[in-house]
Amino acid sequence: MQLIHQRIGGKLPLIGVGNLYLPDEILAAFNTGWAEFIALGKTVMINPNIAGQILRGECADIAREIDPQRADHYGLPDLLWHFTISGTQAWLPPLLGQEPQILDR
Numbered sequence: 871m872q873l874i875h876q877r878i879g880g881k882l883p884l885i886g887v888g889n890l891y892l893p894d895e896i897l898a899a900f901n902t903g904w905a906e907f908i909a910l911g912k913t914v915m916i917n918p919n920i921a922g923q924i925l926r927g928e929c930a931d932i933a934r935e936i937d938p939q940r941a942d943h944y945g946l947p948d949l950l951w952h953f954t955i956s957g958t959q960a961w962l963p964p965l966l967g968q969e970p971q972i973l974d975r
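Residue numbers (the numbering used here): 871 to 975.
As structure tokens, this is what we get:
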């Protein structure tokens, strides 16, 4: 990210993405100065009310995995839910009790 940020030299905003769940992780990523924005795709899928959780100080309740037993908690469309619980798509959140798949290996 640092090299990309240096290369574009502020001509375009850079968005930091990837495995940021807790407020300290999000803030640390932003504070590197390598990205103008931080994206929380999987984090929001797993924790639909993450902003409220952070504001209320409920950081211990922020999940890093999808619980297949709580389908209605997430509000995902049926097809996306099907892909998610199949556990075969590395670009989707990990399932509770399974090792996350990392795309950049």
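Built from N, CA and C at the ideal position, the CB exists for glycine as well.
Exercise. Could you pull out every residue in the same chain whose Cβ sits closer than 6 Å to the Cβ of Ala-909, ignoring the five residues on either side in sequence?
Key: Correct list, in chain order: Ile-885, Val-887.
Practice problem: Per DSSP, which residues does Phe-907 bridge with? Please list them. | Solution: Looking at the DSSP assignment, Phe-907 forms a beta bridge with Ile-885.
Quiz item: Applying the criterion that 16 or more other CB atoms from any shown protein chain within 10 Å of the CB defines a buried residue, is Pro-964 buried or exposed?
Solution: The residue is buried, with at least 16 neighbouring Cβ atoms inside 10 Å.
Quiz item: Looking at the structure shown, is Leu-966 part of a helix, part of a strand, or coil, going by DSSP?
Solution: In the structure shown, Leu-966 sits in coil (DSSP, three-state: anything other than H, G, I, E or B).
Quiz item: Going by C-alpha distance, which of Phe-953, Lys-912, Met-871 is nearest Leu-890?
Solution: Per the Cα distances, Lys-912.
Self-check item: Asn-917 versus Ile-924 - alpha carbon distance
Solution: Rounded to whole angstroms, Asn-917 to Ile-924 spans 11 Å at the Cα level.
Quiz item: Using a Cβ-Cβ cut-off of 7 Å (strictly less than) and excluding sequence neighbours within five positions of Pro-883, which residues of its own chain qualify?
Solution: Excluding positions up to five away in sequence, the list reads Glu-906, Phe-907.
Quiz prompt | Secondary structure of Ile-955, DSSP reduced to three states | solution = The answer is helix: DSSP assigns Ile-955 an H, G or I state.
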